[in-house]
Structures are given as structure tokens and as C-alpha cells.
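In what follows, a single structure is set out as C-alpha cells and then discussed.
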Amino acid sequence: MTKWGPAYLETHRRGLLQQKIQAAYDILSQCNLCPHRCLVDRHHGERGLCRTGDQPVVSSYGPHFGEEDPLVGQHGSGTIFFTHCNIYCIFCQNYEISHGGEGEEITPADLAAMMLYLQKKGCHNINFVTPSHQVAQILEALPQAIDGGLNVPLVYNTGGYDAVETLKLLDGVIDIYMPDFKFWDPQVAVEVCEATDYPSARPRTTPRSPARP
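The opening residue of the sequence shown carries number 71 in the numbering used here; numbering runs sequentially from there.
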């Protein structure tokens, strides 16, 4: 029986992770990581709706015991809360982070160090919270984390407003998808978030089980 391991390890071993990193960073030059398709050049200081450049911006990280039981286990889910968002729901429970921009810009090396710290603390996974607008930064940090010994599953804890092409980049990288679907009613979307096409965009982007590379 083949021993299970995180998908990203095999993707990295085969040299495919670097291709995904390059593709993701190319997208940032005319950003369409999410369905907003702001088409701004995030490499040269332009900002779209997510107000984020090409470096990671993180509010906090640490073991979290408020996630779903299978993720928490005994030692917690290793959450990394990314600053800003791509939908800005008015009811967001992390309003200070998503709307208020609470957090600091860091480097991919810093992000890799956070992952390794959480693994060392005994967390059963690395849980990227609100990652849709920082996919390129996550991918960029992964090789350094892998070289440092990262070997726990990756969780994509998304608000559910993701572009199909972005999810394809994550195929063979993410082990657990956890989309937080919000509403079906288009009028509700217009009234409470910045993604007015959320209900129609979501069925196109429902993640399937990640394929092995």
C-alpha cells in the first residue's frame, strides 16, 4: 500500500511547483486571480479590490481550536489569517482583518517560517484563511517550507469566490478545500458583499478532489 503524503511534496519533487509559482506571479501583472478580474499590475504598486500587492500580508498565525473537528485534532489547526479579502462581506467575523487591513506585509520566507513554526507546535495541518487573493504568495513560500521539512496537509479555507484557473494552479498543492459558501440569492450578494455575481460564479468554481500530479 502506498503511504499517503501531502500532494505538494510530489508536485515539488517533479519540478511542477516552480511552474505553478511562475504562472501565479505572471497573473499578478494583470490580476485575475479571482472572478473580479481587476487586471491591475500588482508587481508595480497597483491595487485592485483586495488592496494587496505581490507580497504576503498576514494578520496572525497560531494553533486554532475553533475549526471543524477533523482539522483540529489534539493540537489544533495551524491557521494563517491573511489580511484583506476579495469579497468584503459586511457581516464578516474578522472585520478588522478583512475590511480594516489589520496585519503586516511580510516576505515569502517569513510565510514559510510561519508554516514550519505551526508544524513544530504540533498542528495537524496548515490552514490558509482567506487565501484567494494571496495564492501566488502562498505558492512562492512553499518551496522554502518544504526544504525546511514541511510535511503536513494544506487547507484552503476560502470564502468561495475563486477563479477556475486559480484553482487549477492549486491542483496537486492543496490537500483539503474548505469553501465557506455564503448565499444563493443574487440580491443578497448585491446588498452585503463586493462580489455581486457570487451566486453565479460559485457553481463554476466548486473545487473537486485534488488530483495527484
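Every residue, glycine too, gets a C-beta built ideally from N, C-alpha and C. Note that this is a predicted model, so its numbers are computed, not measured.
Item                                                                                                                : Value
Rounded separation between residue 123 and residue 248 - CA only                                                    : 25 angstroms
C-beta neighbour in chain B for residue 213, strict 8 angstroms                                                     : No chain B is part of this structure, which consists of one protein chain only.
Reduced DSSP secondary structure (H/G/I, E/B, other) of residue 256                                                 : helix
Exposure of residue 279, with buried meaning 16 or more beta-carbon neighbours within 10 Å                          : In this prediction, residue 279 scores a pLDDT of 45, lower than 50, which makes its location untrustworthy; the coordinate-derived value is nonetheless stated afterwards. Looking at its Cβ environment, which holds fewer than 16 other Cβ atoms inside 10 Å, residue 279 is exposed.
According to DSSP, residues forming a beta bridge with residue 246                                                  : 225
Host alpha helix (DSSP H) of residue 187 (start-end)                                                                : 178 to 190
Closest Cα partner of residue 264 within the set 160, 134, 210 and 200                                              : 160
Nearest-angstrom Cα separation, counted from residue 80 out to residue 158                                          : 35 angstroms
Helix, strand or coil at residue 81 [DSSP, three-state]                                                             : helix
Touching by the beta-carbon criterion (3+ pairs, under 8 angstroms), the region 234 to 244 and the region 86 to 102 : yes
Whole-Å CB distance - residue 125 paired with residue 176, under 8 angstroms assumed                                : 7 angstroms
Start and end residues, beta strand (DSSP E) containing residue 202                                                 : No beta strand (DSSP E) contains residue 202, which DSSP labels as neither H nor E.
Rounded Cβ spacing between residue 155 and residue 147 (contact assumed at less than 8 angstroms)                   : In fact, because the Cβ distance is near 20 angstroms, the residues do not count as touching under 8 angstroms.
Residue 150, enclosing beta strand (DSSP E) - first and last residue                                                : 147 to 152
Cβ contact check for the region 103 to 119 and the region 128 to 139: 3 or more pairs under 8 angstroms             : no
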